[in-house]
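Down below is the structure, laid out as structure tokens.
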DNA sequence: CCTCACTTTCCTGCTT
DNA sequence: AAAGCAGGAAAGTGAG
């Protein structure tokens with residue numbers, strides 16, 4: 001697993017933005033019969049292409065890698081990297097760790113990319129998020145698409161490492 | 001091979 | 001009516 005990480009470090013800069021050309025095709029064929037709103041698709045596709053597993057260790061903050069194996073870390077890192085985020089997630093209250101999912105489908109798709117699972121949906125992703133309430137990684141917020149980091153989540157406060 | 005934590009999948013019912 | 005939310009149940013997965 002260290003291989004795949006260090007592997008990217010050796011790539012020339014020109015490769016960084018398009019490490020996985022197959023995915024754009026993958027989504028091109030996949031979303032055709034999935035979403036009727038074409039302009040939205042184009043947006044998300046561009047976003048997903050851009051936000052795929054690129055640019056890790058050379059980023060300003062190291063932990064912002066989108067490489068994390070756990071869902072909450074993936075979400076946290078997405079929140080912390082506006083470049084990849086593309087308006088998928090947004091802070092609602094930065095200090096309290098409250099955030100909102102703006103594009104639920106895009107988020108699911110992106111998580112699916114990370115896990116190489118093209119059947120991921122927001123419905124299923126959100127089930128996984130709900131399990132985090134138990135463990136204190138997330139706290140419940142009674143607003144649609146709004147979540148809050150809990151006591152046992154770390155690394156989301158920008159100031160402290 | 002087994003166990004454990006985490007995640008995925010599916011489902012029923014409820015809320016916005 | 002569509003999209004989210006709540007969790008239970010059960011299967012899948014990867015690490016150790």
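Residue numbers (the working numbering): 1 to 161.
Each residue gets a CB set at the ideal place from its N, CA and C atoms; glycine is no exception.
Environment of residue i [buried if 16+ CB atoms lie within 10 Å]
i, result
"residue 21", "Interpretation of residue 21 is limited by its pLDDT of 30, a score under 50 that renders its predicted location unreliable; no figure is taken from the coordinates."
"residue 109", "buried"
"residue 170", "Residue 170 is absent from the structure shown; the chain starts at 1 and stops at 161."
"residue 131", "exposed"
"residue 73", "buried"
"residue 103", "buried"
"residue 119", "exposed"
"residue 127", "exposed"
Beta-bridge partners of residue i, as assigned by DSSP
i, result
"residue 72", "None, per the DSSP bridge assignment."
"residue 138", "149"
"residue 89", "101"
Distance CB(residue i)-CB(residue j) smaller than 8 Å
i, j, result
"residue 98", "residue 134", "no"
"residue 66", "residue 81", "yes"
"residue 136", "residue 117", "no"
"residue 76", "residue 90", "no"
"residue 107", "residue 129", "no"
"residue 162", "residue 78", "Any answer about residue 162 is impossible in this case: the structure gives the chain only from 1 up to 161."
Report yes or no: do the stretch 80-87 and the stretch 132-142 share at least 3 C-beta pairs separated by less than 8 Å? They do not touch, by the three-pair rule.
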